[in-house]
Amino acid sequence: HWTAEEKAAITSVWQEVNQEQDGHDALTRLLVVYPWTQRYFSSFGNLGNATAIAGNVKVRAHGKKVLSAVGDAIAHLDNVKGTLHDLSVVHAFKLYVDPENFKRLGEVLVIVLASKLGSAFTPQVQGAWEKFVAVLVDALSQGYN
Ligand code: HEM
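Shown next as structure tokens:
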């Protein structure tokens, strides 16, 4: 269900991504913009304010893990659901993450990519990424049924 242009837009942006730095930026934004998401990360230590969050080494390590799973999905664009099945079940039945939060992470990820790429993040590229984020959110939400 992808056009060749969509696939190219998704994978070409992904080649520019630094999983550690951009994952950290996305997770930091999630925790600052939607502070109630901090409750899932009580084992991460000090998340007291935006500066503490931005400097938190556990947030950094975790951001990299999250983007590595996104990379896995991008490597399997024709089977995102299968690729993320087990991770979805973990979020549903072990971590009890409200799946609404997947959408929020998708939104902040698009913002991080847009601010990183500037004018290269064209409306056409954004369109492909919004579609990918919807597929990603859907795949991560499958285990909740
Ligand atoms: C753990 C990916 C969204 C909360 C993880 C892990 C991965 C991952 C790969 C490690 C699993 C393991 O070690 O077996 C993702 C992806 C997301 C996403 C790809 C969306 C694009 C979220 C959101 C939240 C969340 C939105 C909460 C607001 C957690 C928590 C852990 C976790 C609490 C365990 C952290 C720890 O104690 O080390 N996630 N995640 N995740 N995720 Fe997510």
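Counting in this note's numbering, the sequence shown runs from 25 upward without gaps. Backbone N, C-alpha and C define an ideal beta-carbon position, used for all residues, glycine too. All values reported here derive from a predicted model rather than from experimental measurement.
- prompt: By Cβ distance, which residues of its chain are closer than 7 Å to L71, with the 5 residues on each side in sequence left out?
  reply: Counting from one through the sequence shown, the residue named residue 71 turns up at place 47. Closer than 7 Å at Cβ, skipping near neighbours: L55, Q62, F65, I77, N80.
task: Go through its chain and collect everything with a Cβ distance to G69's Cβ below 8 Å, but skip five positions before and after it.
output: Translated into positions along the sequence shown, residue 69 becomes position 45. Cβ within range, chain order: N80, K82.
message: Does L164 pass the burial test, meaning 16 or more other C-beta atoms within 10 Å, or should it be called exposed?
response: Looking up residue 164 in the sequence shown gives position 140. L164 comes out buried.
query: Which parts of the segment 63 to 134 are runs of the alpha helix (DSSP H), unbroken and 4 residues or longer, counting only runs that do not cross its ends?
result: 74 to 78, 81 to 99, 104 to 107, 109 to 117
query: What residue from K140, I135, A144 has the CA that sits closest to E154's CA?
result: Translated into positions along the sequence shown, residue 154 becomes position 130. Residue I135 is the option with its Cα nearest to E154.
- request: Could you name the residues of the same chain whose beta carbon sits closer than 6 Å to that of A104, not counting the 5 residues immediately before and after it, in chain order?
  value: Indexing the sequence shown from 1 puts residue 104 at position 80. Ala is not the amino acid found at residue 104; the sequence shown has Val there. Cβ neighbours of V104 beyond the five flanking positions: A97, V159, A163.
query: If you draw a straight line from the alpha carbon of A32 to that of L137, how long is it in whole angstroms?
result: Here residue 32 is taken as the residue at index 8 of the sequence shown, counted from 1. Here residue 137 is taken as the residue at index 113 of the sequence shown, counted from 1. Approximately 15 Å, taken between the alpha carbons.
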